[in-house]
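Novice:
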Amino acid sequence: MAKQVVPEGARQRRRPTRAGTVLSEEMIVHTALRVLREHGSTGLTARRLGAALGADPSTLYRYFAGMDELTRAIGDELMGRALAGWTASGEWRADLRALGRAIHAAYLAHPQAAVLTASRVTGRPREIAVDETILGILRGAGLPDPVAVRVYHAFIDQSLAFAALDAGSLALADETRAMDEEMWRSTYAHLPADSHPNIAATAQLLARRMPHSAYPAALEMLLEHTAAQLARTGG
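Here the sequence shown stands for residues 12 to 246, where the numbers follow the working numbering.
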């Protein structure tokens, strides 16, 4: 039987933890981000988190129904940080570009958490606020609702997909990541032109570009597509 979460108003402990602090949902999420940074996306457990908080692991269930709900709260925290670092200019293209980059950056600041949460739909307030903001930008620019939803879908999935991909690379050990990046020079650059003419012709360009994220380029392509959609609809 699932554990019942204590209502928010009754969650606060009457006594401090062994570390002398009073728990809150925010503190647990922030501590979980630290545990993820230290132990990786598979290292977040109730026991480890309880130890980091100086509290019995069972105390966590006063705040979250389980580790899955905590995972969604972590994703919501990253979305909130993205939105907090973004300011609207009133120009749809600049606003979408800045918000996309803010989402990508917020997740990459916590790569282990990004790997764990980028594929999740949290249904929590800050994620909902981000979705409302994106749709508002698109509808405010003049896109019809079906087109706005299609572009929103592409925009948010693109942002999170690249966040997960790039975070996965950042979460690797430095030596492993360096070996992967060097592969473009050590292997691809030496493929013979008679068997791999296209790779051979572009090997130096690939070696310079591939270790970097393609998200900025992909985002610009989506913005160009959106501008074309607006032109077709007279927006």
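For each residue, glycine too, the CB sits at the ideal point set by N, CA and C.
Between the Cα of Y226 and those of L171, R48, G51, spot the shortest distance and give me the residue it belongs to.
Specialist: Counting from 1 along the sequence shown, the entry for residue 226 is found at position 215. Comparing Cα positions, the closest option is L171.
Novice: Could you tell me which of G91, S130, A125 sits nearest to T144, measuring between CA atoms?
Specialist: In the sequence shown, residue 144 corresponds to position 133, counting from 1. Among G91, S130, A125, the Cα nearest to that of T144 is on G91.
Novice: Can you check which of these residues, A238, T70, R150, is closest to E36 by C-alpha distance?
Specialist: Reading the sequence shown from its first residue, position 25 is the one you call residue 36. When each option's Cα is compared against that of E36, the closest is T70.
Novice: On the three-state DSSP scale, how would you describe T98?
Specialist: Residue numbering aside, residue 98 sits at position 87 when the sequence shown is read from its first letter. T98 falls in the coil class under three-state DSSP.
Novice: Name the residue from L149, G86, G96, H236 whose alpha carbon lies nearest to the alpha carbon of A175.
Specialist: Locating residue 175 in the sequence shown gives position 164, counting from the first residue. Closest option to A175, Cα to Cα, is G86.
Novice: What separation, rounded to the nearest whole angstrom, lies between the Cα atoms of G101 and A140?
Specialist: As a working mapping, residue 101 is identified with position 90 in the sequence shown. As a working mapping, residue 140 is identified with position 129 in the sequence shown. Computed Cα separation, rounded: 17 Å.
Novice: Between V158, A178, E231, which lies nearest to L107 when the distance is taken from Cα to Cα?
Specialist: Position 96 of the sequence shown holds residue 107. When each option's Cα is compared against that of L107, the closest is E231.
Novice: What separation, rounded to the nearest whole angstrom, lies between the Cα atoms of A229 and A66?
Specialist: For the purposes of this step, residue 229 is identified with residue 218 of the sequence shown, where counting begins at 1. For the purposes of this step, residue 66 is identified with residue 55 of the sequence shown, where counting begins at 1. Approximately 44 Å, taken between the alpha carbons.
Novice: Using the Cβ count rule (16 or more neighbours within 10 Å means buried), how would you classify L216?
Specialist: As a position in the sequence shown, residue 216 is number 205, starting the count at 1. Its Cβ having fewer than 16 others within 10 Å, L216 is exposed.
Novice: Count the CB pairs spanning the segment 123–134 and the segment 159–166 that are closer than 8 Å, and state whether there are at least three.
Specialist: At 8 Å Cβ cutoff, the stretches do not touch.
Novice: Determine, using beta-carbon pairs with one atom in the segment 126–137 and one in the segment 175–193, whether at least three such pairs fall under 8 Å.
Specialist: Output reads yes: the segment 175–193 touches the segment 126–137.
Novice: Taking only runs of the alpha helix (DSSP H) that begin and end inside the segment 35–80, which ones reach a length of at least 4 residues, in chain order?
Specialist: DSSP runs (the alpha helix (DSSP H)) wholly in the segment 35–80: 36–50, 57–64.
Novice: Measuring CA to CA, which of T187, Y199, A84, Y74 is closest to T133?
Specialist: Stepping through the sequence shown from its first residue, residue 133 is reached at position 122. The candidate whose alpha carbon is nearest that of T133 is A84.
Novice: Return the CA-CA distance between M190 and R196, expressed in angstroms with no decimal places.
Specialist: Within the sequence shown, residue 190 is the residue found at index 179, counting from 1. Within the sequence shown, residue 196 is the residue found at index 185, counting from 1. When rounded, the distance between both Cα atoms is 10 Å.
Novice: Where does L127 fall in DSSP's three states?
Specialist: Your numbering for residue 127 matches position 116 in the sequence shown. Of the three classes helix, strand and coil, the one that applies to L127 here is helix, per DSSP.
Novice: Cβ of W97 within 8 Å of Cβ of A113?
Specialist: Translated into positions along the sequence shown, residue 97 becomes position 86. Translated into positions along the sequence shown, residue 113 becomes position 102. The answer is yes: Cβ separation under 8 Å.
Novice: Quick check on the burial criterion: 16 or more other C-beta atoms within 10 angstroms. Buried or exposed for T244?
Specialist: Taking the first residue of the sequence shown as position 1, residue 244 is located at position 233. Label assigned to T244: exposed.
Novice: With a threshold of 7 Å on Cβ separation, who are the neighbours of R282 within its own chain once the five nearest residues in sequence on each side are excluded?
Specialist: Coverage of the chain is limited to positions 12 through 246, which leaves residue 282 absent and any answer about it impossible.
Novice: If you check the beta carbons only, do L55 and L34 fall under 8 Å apart?
Specialist: Residue numbering aside, residue 55 sits at position 44 when the sequence shown is read from its first letter. Residue numbering aside, residue 34 sits at position 23 when the sequence shown is read from its first letter. Not in contact: L55 and L34 (Cβ atoms no closer than 8 Å).
Novice: Cα-Cα, which of L44, T82, P155, E192 is closest to L119?
Specialist: Within the sequence shown, the letter at position 108 stands for residue 119. If we check each option's Cα against that of L119, L44 comes out closest.
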